[in-house]
Amino acid sequence: MHRLVRTVLVAGLVAAFSAGATAATAPADAIKYRKAVMAAMAAHVSAFVLINFGKVDQQEYLKSHANALADLGAQGKVLFPAGTDTGDTNALPLIWKEQEQEQFNKLIAQLETSSARLRDAVAANDKPGAAAAFKSLSESCKGCHDRYQKKDD
Ligand code: HEC
Numbered sequence: 790m791h792r793l794v795r796t797v798l799v800a801g802l803v804a805a806f807s808a809g810a811t812a813a814t815a816p817a818d819a820i821k822y823r824k825a826v827m828a829a830m831a832a833h834v835s836a837f838v839l840i841n842f843g844k845v846d847q848q849e850y851l852k853s854h855a856n857a858l859a860d861l862g863a864q865g866k867v868l869f870p871a872g873t874d875t876g877d878t879n880a881l882p883l884i885w886k887e888q889e890q891e892q893f894n895k896l897i898a899q900l901e902t903s904s905a906r907l908r909d910a911v912a913a914n915d916k917p918g919a920a921a922a923f924k925s926l927s928e929s930c931k932g933c934h935d936r937y938q939k940k941d942d
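Just so you know, the sequence shown maps onto residues 790 to 942 in my numbering.
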């Protein structure tokens, strides 16, 4: 590649990354990001289940889905910033009510700890441990959606 073109491209990338690091996130983008992370978790749960219950013979990839779930599950706490209760979202405003903080944060913590336990149990080839962690993880998804996500009706 021509040297000048390459320098300009690299400068552009650097600018894009530093802009990303400093600019405040617009609420609409924070909502898009929340949905993207949620959808990614759902995809990894589906892939995990297909392998774990023997429908797909890709045992060597079970770990990558468990690792991804732990990485994504650890992001729960940043997915619900103030100001993202309105717009193109199915998150109920209840999430941001003072009296809900304890209960909501418990579900966020359960998402993080159960996905981390799932990762560790899969890595250790601990099947009962993985089953228990997966159950707790699923309960965190369902528990949160039941209370804090708008239902399509
Ligand atoms: C602490 C609460 C909470 C937990 C835990 C949680 N979710 Fe969600 N999830 C939500 C809320 C609220 C929405 C609606 C987001 C919106 O529309 O802005 C949502 C949306 C979604 C969506 C729809 C995304 C879209 O494209 O609109 C999927 C799929 C999803 N979650 C899957 C999962 C899975 C799988 C888990 C568990 C591994 C999980 N969620 C854990 C609260 C939670």
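Every residue gets a Cβ at the ideal spot worked out from N, C-alpha and C, and that includes glycine.
{"Asked": "Range of the contiguous alpha helix (DSSP H) that encloses P870", "Found": "It is not in any alpha helix (DSSP H) - P870 carries neither H nor E in the DSSP assignment."}
{"Asked": "First through last residue of the alpha helix (DSSP H) which encompasses T814", "Found": "Looking at the DSSP string, T814 is not in any alpha helix (DSSP H), and its letter there is neither H nor E."}
{"Asked": "Heavy atom of the ligand HEM within 7 Å of Y937 beta-carbon", "Found": "This structure lacks the ligand HEM; the ligands present are the ligand HEC."}
{"Asked": "Ordered list of alpha helix (DSSP H) runs contained in the segment 844-915, each at least 4 residues", "Found": "851-862, 890-912"}
{"Asked": "Given L896 as reference, the closest of L926, P816, L839 once Cα atoms are compared", "Found": "L926"}
{"Asked": "6 Å CB neighbourhood of Y850 in its chain, flanking five on each side removed", "Found": "none"}
{"Asked": "Straight-line Cα distance separating L883 from E889", "Found": "7 Å"}
{"Asked": "Test item: CB-CB of A832 and L907 under 8 Å", "Found": "no"}
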